[in-house]
Each structure stands twice: as C-alpha cells, then as structure tokens.
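Here is the structure we will look at.
There are 2 protein chains.
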Amino acid sequence: MSTGHVLLGLLSRGQRHGYDLKRDHDERFPQAKPLAFGVVYSTLERLHRRGLIAPLAVQRVDGPDRTAYGITDAGRAELAQWLATTDEPSEHVTNPFAVKVTLALLLGDEAGAEAFLRAQRAAHLVRMRAFTTAKTAPGASVHEVLAADYALAHLDADLTWMDAALRRVTTLREELGA
Amino acid sequence: MSTGHVLLGLLSRGQRHGYDLKRDHDERFPQAKPLAFGVVYSTLERLHRRGLIAPLAVQRVDGPDRTAYGITDAGRAELAQWLATTDEPSEHVTNPFAVKVTLALLLGDEAGAEAFLRAQRAAHLVRMRAFTTAKTAPGASVHEVLAADYALAHLDADLTWMDAALRRVTTLREELGA
DNA sequence: CCCTCTCTATTCATCTGGTGAATAGTCCAC
DNA sequence: GTGGACTATTCACCAGATGAATAGAGAGGG
Chain A
57 MSTGHVLLGL LSRGQRHGYD LKRDHDERFP QAKPLAFGVV YSTLERLHRR GLIAPLAVQR
117 VDGPDRTAYG ITDAGRAELA QWLATTDEPS EHVTNPFAVK VTLALLLGDE AGAEAFLRAQ
177 RAAHLVRMRA FTTAKTAPGA SVHEVLAADY ALAHLDADLT WMDAALRRVT TLREELGA
Chain B
57 MSTGHVLLGL LSRGQRHGYD LKRDHDERFP QAKPLAFGVV YSTLERLHRR GLIAPLAVQR
117 VDGPDRTAYG ITDAGRAELA QWLATTDEPS EHVTNPFAVK VTLALLLGDE AGAEAFLRAQ
177 RAAHLVRMRA FTTAKTAPGA SVHEVLAADY ALAHLDADLT WMDAALRRVT TLREELGA
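Written out as structure tokens, the structure is:
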C-alpha cells in the first residue's frame, strides 16, 4: 500500500484532511501523477480501519465539513518500518515491449514487430528530449533534476533493449518456431 | 487491459480454455510472473462481455467441464490495433526510492535516507548478479538473454540514480527545508 | 478395494486501487 | 442575484490480484 504509506508520511507531520493531503502530495511530488480524490479518501478509510490513523475532528470552516486525520502510534511504527525496508527487486521481468513483439512474431508478423519497435523507439526519443529540456532548464531544483535523471535512465534502458531486439527479430522469430 | 490482450493473442492461434491459456502463457513467458487462475477467468469473462471472444463449447473430457473460447472478428481487430499501437511514455515519474528518501528527509532523518539507499543498492546488486548468471548460462535462448538484458538495464538505471541521490542527500534535505 | 495424492478445471469472496460523476457549501465578480 | 471557482467529500463502477473452495478423474500403495 504505497499510496497509504505516502499519506502516512504526510500525516506524520501533523493532522490534515483529505483535500489538504491531495494538495500536499501534488505539490511535494510535482513529477508524480496527481492523486485522485477517490484514491485519497478510500486510502484514508483503509488506514483508519487498520488503526494507523484516527479521525480527530469534523469541523466546518468556511465551507463544507472536513474530517481531519492524525497518525497513531501504530501508524508511526508502520511508517518507520516501511521507510527502513528495502524492496527486493523482483525475479520476474515485466517487459511490455517484449510481450508485443513476441505475440506479433507468434502471429508471423515480423514486419509488424519491427515497425512497432521503430515507432516505440521514436516515441521514447521524443519523451527523452522533453525530460532533458526540463532538467537543463535554468532554476531546476535538485529534486527536479533527480526526477528527470530517473526517467531518462529508464527510457534509455528501454531504448537499449529495443535496439538489441531490433537486431535479433529474425532470430527470435525462428526461435519461437513461427 | 494488457493481460486481456495477451490472452487475445494466445487465443488468436486457436481455441483454448482457461487452464490451457494459463499454461500457454507461463511457458511462453517463463520470466514473467505466472498468471493466477482468478486473473485468467475474470479476464476471459471481461473479454467475452466486450464481444472480443466467444465460448465455443463446454466439453467434458477426462475430467471436469471445460469451456473453450475462440477469438471473434472484433477480437482480431482489437488485437491488431493493440499490436500496432505504441505506448506513449508517461510524462509522470514514478520513483519509489525517491518517495521514501523524500519522506525520510521530510521527517529529518538524513541518516535513515542514506542507510536505505545503501541497503537498496546492495539488494539491487544481488539481483543483478542473479540475472547475469541466468543470461550467461550455457544454452540460454535469445528470448532469455533479452529478458535478462531488459531487467539488468533497468536495475542499472536504478543503481545509477541511487548513486546520484546518495551524493546529493544533504543538498536535497536542505532544499526540502527539513 | 479403498484411500490418498496429484492433475485438471473452474468459481468465489475479498481486497487494493483507479476513474468519473455527483453533491454540496461558500465566496467573489459582474 | 446568478454564474463560476474553490473547498470537501461521496458514490458507483471497473480492473486486477490473492487465496481458498469445489469437484471430477486417474494413479499408486497398502
């Protein structure tokens, strides 16, 4: 429950209500996908059910009711635990490009597989240029530069793979027996 | 619905029932996470609801009932469309390590952030050694080598990012105002 | 001969999380 | 005084993932 942990982290700095948390998150992690309200409130409900947060007050201040939540001791423990735990990188490989290429080759469409790889390569290059621009913009923060670096490194990893795959499409097709 | 498209792809080679498809998938993509039965059957139901596949026969052959599905014309069209479409790489960045580091720094725990990065780095190195072993094993297929290459490239991208982050932890903390 | 184990095949209950629309109150500008 | 923007939450729905339950048939062992 990673969204849950993020909300827990934001709540550990002081009580907040759902709308606040969504804004907090989106400002703090501008490169991340904005949180949808549905996700925020349902996640808060789950955290509450697990006893990691508690509703503190329902106030009405210049507008509709708002429910402020605070982190509990159990919540602090869970958060500390999560922050200190490393993710074991999976032994499984999820490569969406390989899935498409393999299926195209199984259907005997070697030309289609190659066309896909070339088109995907081009789409990656476009996005990489955008991240490079963002990263080298004057006034970019360390946070922004690191975010762009991460994205660029992974896009480049995809690119390297696609080039290798392009060079071996025919061999792959033969290996698949198609 | 990527699982759906994969099943569609496998079904386009001829009718199959759920259990068959699960085995087909796991054999064809041994590096991927094995499909759970629950996923297979609920995905088939959705594909059926959308008219992309159709149940052809309920047979009983040496065991319990089995429902064979076949792809429809609409299914073939959907599959061809999906195979030819590139994924626009997201403009959003999802970096789980950055999230943890940022939250740790927000809570003022610079030492914890560094410890996490070092531990995660070590975990990555272990997994990378495993993939390197798998890839250089005698008799490894092109498919297996490409799968390992993909995983290695992404793990290395993470590693590069973690090294950069380690060098800038203090700057990052200051930038966050913690 | 019956018992258990394994393999085949499917279903079900339950959970996380993600989307889009609906609801509802307040404030501000025109 | 009405329409729009902002605050705040809820709801209905769907995708996808897990783990357990159900159930038939064949195989092997005591």
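Chains as they are written, first to last, in the numbering used here: chain A, 57 to 234; chain B, 57 to 234. Each residue gets a CB set at the ideal place from its N, CA and C atoms; glycine is no exception. Here the structure is a predicted model, which means the values were calculated and not measured.
In the structure shown, the three-state DSSP call for T226(B) is helix.
Bounds of the alpha helix (DSSP H) holding T189(A) are 166–192. When DSSP states are grouped into helix, strand and coil, G126(B) belongs to the strand group. Distance check between V149(B) and each of A213(A), G233(A), Y206(A) places Y206(A) closest, using alpha-carbon atoms only. Of the candidates W138(A), K89(A), L112(A), W138(A) places its Cα closest to the Cα of L64(A).
Within the same chain, Cβ atoms closer than 7 Å to the Cβ of E134(A) are found at L64, L108, the five residues on either side in sequence being excluded. Rounded to the nearest whole angstrom, the CA to CA distance from R224(B) to A204(A) is 15 Å. In the DSSP annotation of this structure, H148(B) is not part of any alpha helix (DSSP H), being labelled neither H nor E. Residue-level contact check: D76(B) does not touch chain A, since none of the beta carbons of chain A fall below 9 Å from its beta carbon. Closest in C-alpha terms to P86(B), from the list R185(A), G164(A), A221(A), T158(A), comes T158(A). Note on geometry: alpha-carbon atoms of A160(A) and L173(A) lie some 11 Å from one another. A contact between stretches requires three or more CB pairs, one per stretch, nearer than 8 Å, and the stretch 140–147 of chain A fails this requirement with the stretch 67–83 of chain A. Within chain B, the C-beta atoms nearer than 9 Å to that of V62(A) come from V155, L159, in chain order. Taking CB atoms only, D82(A) has no neighbour in chain B less than 9 Å away.
Contact check for L202(A) against A220(B) passes: the beta carbons are separated by less than 9 Å.
The beta-bridge partner set that DSSP reports for R72(B) consists of Y125(B). DSSP, reduced to helix, strand and coil, places L108(B) outside both helices and strands of the structure shown, so it counts as coil. Counting along the chain, the unbroken alpha helix (DSSP H) around L66(B) starts and ends at 58–67.
Proximity of chain B to F172(A) at the Cβ level (cut-off 8 Å) is accounted for by L139, A140, T142, in chain order. Separation of A130(A) and P152(B) (C-alpha to C-alpha, rounded to the nearest whole angstrom) is 23 Å.
In this structure, the CA atom of R122(A) is about 38 Å from the CA atom of A171(B).
Q176(B) reaches chain A at T142, D143, counting residues in chain order whose Cβ is nearer than 8 Å. Between K89(A) and chain B, the shortest Cβ-Cβ separation is below 9 Å. Of all residues in the stretch 215–231 of chain B, those with a C-beta nearer than 8 Å to a C-beta of chain A are T216, W217, A220, A221, R224, T227, L228, E231, reading in chain order.
Taking the Cα of T99(B) as reference, the smallest distance to any Cα among S58(B), L162(B), R132(B) is reached at S58(B). Excluding its 5 nearest sequence neighbours in each direction, Y97(A) has C-beta neighbours in its own chain below 8 Å: G74, listed in chain order. Taking 9 Å as the CB threshold, L100(B) stays off the interface with chain A. Rounded to whole angstroms, the gap between the alpha carbons of W217(B) and L208(B) is 14 Å. As a beta-bridge residue in DSSP terms, A113(B) pairs with A124(B).
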